[in-house]
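Following: one structure in structure tokens, then a few remarks.
Here it is, written out as structure tokens:
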């Protein structure tokens, strides 16, 4: 995943100053609508950075989504086993890409595969409906205060808290 990924398309990031996102259905709790695959979300770290893909096919954080060469927007969708996939709205050669954690503290993107254990996530709500923790088979997704993401063995500390910001229909 270290070489540039040809054919990456990057839809324009959602502009938070434009019209507000459509309201989720009344029968869905506010946080649940962001996890059902019908909404685009930006994933913000506790340190006010934004989770995004890199043009090299990796996962990183940026201070300002407008500075990213690829979109910061994701769709968190249910997988058949009860877990979730975290799909980027950026595609490569028409293929959907999902957060992938194959082990050894490696995070990146791979073609979405709901049967791949390295892509299945446990996205759990925290104190506020929009606050979540994201857990892979190898640990908790954690934001480094200086930028970037890693995996941790426990959820201690604010780096494991992420805020989902609704950006409209998927």
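In the working numbering, the protein residues as written are 132 to 301.
We treat Cβ as the ideally placed atom computed from N, Cα and C, and that holds for glycine.
Between residue 221 and residue 228, the gap from beta carbon to beta carbon is short of 8 Å. The Cβ-Cβ distance between residue 204 and residue 250 does not fall below 8 Å. According to DSSP, residue 300 shares a beta bridge with 170. For residue 246, the secondary structure class from DSSP, reduced to helix, strand or coil, is coil. Linking residue 178 to residue 184 through their CA atoms gives a straight-line distance of about 18 Å. By DSSP's assignment, residue 230 forms a beta bridge with 240. Annotation for residue 274: 176, 177, 178, 180, 192, 280 and 290 place their beta carbon closer than 7 Å to its own, counting only its chain and skipping 5 residues before and after.
In this structure, residue 270 sits away from residue 263, with a CB-CB distance that is not shorter than 8 Å. Residue state for residue 183 is assigned as strand, using DSSP reduced to three classes. In this chain, the beta strand (DSSP E) harbouring residue 270 covers 270 to 274.
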